[in-house]
Amino acid sequence: MVRAYVELTKPRIIELLLTTTVPAMILAAGGWPGTWLVTATLIGGTLSAGGANTINQVIDADIDRVMRRTRSRPLPTDRISPRNALLFGAALGVAGFGWLLVTVNVPAAILATLALLFYVFIYTLLLKRSSAQNIVIGGAAGAVPALVGWAAVTEGLDPAAWVLFAIIFFWTPPHFWALSIRYRDDYAAADVPMLPVVVGTARTLDHILAYGVVLVGVSFLLIPTGVVGLPYTITAAVLGAAVIGASLWLRSHAEQAIRYFLASNVYLAALFAAMAVDGLF
Amino acid sequence: MDGLRDAFMIAAAVLVAGGAVAVVVLEFGSSAERRLGSRLRDAVEVLLPPLLALALVWVVWFDRV
Chain Y
382 MVRAYVELTK
392 PRIIELLLTT
402 TVPAMILAAG
412 GWPGTWLVTA
422 TLIGGTLSAG
432 GANTINQVID
442 ADIDRVMRRT
452 RSRPLPTDRI
462 SPRNALLFGA
472 ALGVAGFGWL
482 LVTVNVPAAI
492 LATLALLFYV
502 FIYTLLLKRS
512 SAQNIVIGGA
522 AGAVPALVGW
532 AAVTEGLDPA
542 AWVLFAIIFF
552 WTPPHFWALS
562 IRYRDDYAAA
572 DVPMLPVVVG
582 TARTLDHILA
592 YGVVLVGVSF
602 LLIPTGVVGL
612 PYTITAAVLG
622 AAVIGASLWL
632 RSHAEQAIRY
642 FLASNVYLAA
652 LFAAMAVDGL
662 F
Chain Z
978 MDGLRDAFMI
988 AAAVLVAGGA
998 VAVVVLEFGS
1008 SAERRLGSRL
1018 RDAVEVLLPP
1028 LLALALVWVV
1038 WFDRV
C-alpha cells in the first residue's frame, strides 16, 4: 500500500526535477549553499512535486487506464481510491508549501506551489486534452524547480535563473515528443492530442529539431551571464552538438525514438552536473 | 574568457532566433485541419515560447558580464 502511494508521486520524475534544483542553488550561491538549505529545499520540492504528480494521476486516471505505459498505475488498477489519492496529493502540496515557508523562504514556497497549481490547472485540466502544444506550455511546471532552488538561496530571480528555467522549458518538448512518437497509438486511443497524433511523426521530427536548436541556444545563454566558466562552456558546446546531431539522426530513425528520449535525460543531467562542477570548483 | 562569452552570446542569439523562426513557420504552415482550438488560442500557444526565448536573449544581452 505504501508502495502504491509512492508510485502516485512519480518518483522518477521527482528525481529529474531535483537534479536541476541543486545545481541552480550552487550557481546562485557561487559555491555550496549549505547542506541544511539544500536538504530543506529538496524535501520541500519533493513534497510539492509529489503532490502535483499525484493530483495529475487522479485527473488522468481515465487516460491512464487506456494507455499501455500507464495502465498499471495505482488508480487504473484500483489499488488506491481516487478520493484517497486526491487527499494525499493535496496534503503533499500543502505540506510542501508549509515546509518551504518555515525552513527556506517565502519566494521558494510560493514558486513551488505555483508550479503545482500550474501543472494541475493549466497543463492537466486545460491543455493536455485540448492542445497539441500541451507539453510545450505545460512543461513550464517542470522548469520551476530550478527557480525554486535559486530563490531558496537569493530570495530573488536573476537573469541566470531564468536561463536555467528556459533550458528545462525548451528541453521538455523534444524529450516528451520522442516518447510520444513511441506511444503514438496509445495517445491516439486515449484521445490525447500529443503532437505525433495531431500532425504525424514526420512533422513532429521537424518540431523536435527546431526546439533542439532553441534549446542549444538557450543553454549557451548561461555563459554570458558570468555564473559559469570554461567547464560548463565546453560541456554545453559538446552536448549542444550532440543534441543537434541526435535530432538529425532521429529523422531517419524514428522507430528508435525511445533512445532519443533516454538520451535526452542524460543530456539534461550532464548539463546541470557541469553547472554544479563549475559552481563548486 | 571574455571573448568566448561574447562568441557564445552571439551563437545563442543566432540559434534561438533561428529556432524560433523555424517553430513559428512549422506551426503556422500546418493545415487548418490540425487546429484544435481557436486561431487566437493557437497563435498565443505557438508564439509565446519563441517570444519568451527571444526576450530572454534580449535580457541576457544587456545583463551580460
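If you read the protein sequences in the order shown, they are chains Y and Z.
Quick note: the first sequence uses the numbering used here, first residue 382, plus one each step.
Quick note: the second sequence uses the numbering used here, first residue 978, plus one each step.
Don't be surprised by glycine CBs; every beta carbon is placed ideally from N, CA and C.
Mind checking if residue i is an interface residue toward chain Y, Cβ cutoff 7 Å exclusive?
| i | result |
| --- | --- |
| residue 1001(Z) | no |
| residue 993(Z) | yes |
| residue 985(Z) | yes |
| residue 1037(Z) | yes |
| residue 1042(Z) | yes |
| residue 1033(Z) | yes |
| residue 996(Z) | yes |
| residue 1111(Z) | The structure shown has nothing for residue 1111(Z), since chain Z only spans 978 to 1042. |
| residue 982(Z) | yes |
| residue 988(Z) | yes |
Just to check my reading of the structure: residue i and residue j have Cβ atoms closer than 8 Å, yes? What is that Cβ distance to the nearest angstrom?
| i | j | result |
| --- | --- | --- |
| residue 481(Y) | residue 493(Y) | 6 Å |
| residue 628(Y) | residue 590(Y) | 4 Å |
| residue 581(Y) | residue 554(Y) | About 16 Å separates the two Cβ atoms, so there is no contact after all. |
| residue 576(Y) | residue 489(Y) | So it is not a contact: roughly 33 Å between Cβ atoms. |
| residue 993(Z) | residue 1031(Z) | 6 Å |
| residue 604(Y) | residue 583(Y) | Not confirmed; about 34 Å, so no contact. |
Looking at the structure shown, is residue i part of a helix, part of a strand, or coil, going by DSSP?
| i | result |
| --- | --- |
| residue 417(Y) | helix |
| residue 572(Y) | coil |
| residue 441(Y) | coil |
| residue 344(Y) | Residue 344(Y) lies beyond the range of chain Y shown here (382 to 662); nothing can be said about it. |
| residue 459(Y) | coil |
| residue 412(Y) | coil |
| residue 390(Y) | coil |
| residue 732(Y) | An answer regarding residue 732(Y) cannot be provided, because it is not within the stretch 382 to 662 covered by chain Y. |
| residue 662(Y) | coil |
| residue 429(Y) | helix |
| residue 1016(Z) | helix |
| residue 986(Z) | helix |
| residue 1042(Z) | coil |
What's the C-alpha gap between residue i and residue j?
| i | j | result |
| --- | --- | --- |
| residue 570(Y) | residue 561(Y) | 13 Å |
| residue 1010(Z) | residue 579(Y) | For residue 1010(Z), the predicted model reports a pLDDT of 46, less than 50, meaning its position is unreliable and no value from the coordinates is stated. |
| residue 391(Y) | residue 430(Y) | 9 Å |
| residue 598(Y) | residue 523(Y) | 19 Å |
| residue 595(Y) | residue 401(Y) | 19 Å |
| residue 619(Y) | residue 1034(Z) | 21 Å |
| residue 424(Y) | residue 536(Y) | 18 Å |
| residue 1017(Z) | residue 387(Y) | 40 Å |
| residue 996(Z) | residue 460(Y) | 45 Å |
| residue 991(Z) | residue 1026(Z) | 16 Å |
| residue 396(Y) | residue 552(Y) | 16 Å |
| residue 981(Z) | residue 433(Y) | 40 Å |
| residue 593(Y) | residue 625(Y) | 6 Å |
| residue 445(Y) | residue 662(Y) | 44 Å |
| residue 422(Y) | residue 547(Y) | 21 Å |
| residue 417(Y) | residue 563(Y) | 41 Å |
Is there a Cβ from chain Z that is less than 7 Å from the Cβ of residue i?
| i | result |
| --- | --- |
| residue 605(Y) | yes |
| residue 642(Y) | no |
| residue 480(Y) | no |
| residue 587(Y) | yes |
| residue 417(Y) | no |
| residue 578(Y) | no |
| residue 601(Y) | yes |
| residue 540(Y) | yes |
| residue 571(Y) | no |
| residue 591(Y) | yes |
| residue 472(Y) | no |
field: Completely contained alpha helix (DSSP H) runs for the segment 481-561 of chain Y, where each covers 4 or more residues
entry: If you keep only unbroken alpha helix (DSSP H) runs of at least 4 residues inside the segment 481-561 of chain Y, you get 487-498, 515-519 and 521-535.
message: Just to confirm the assignment: which complete alpha helix (DSSP H) runs, minimum length 4, are found wholly within the segment 574-652 of chain Y?
response: 576-580, 582-602 and 611-631, all fully within the segment 574-652 of chain Y.
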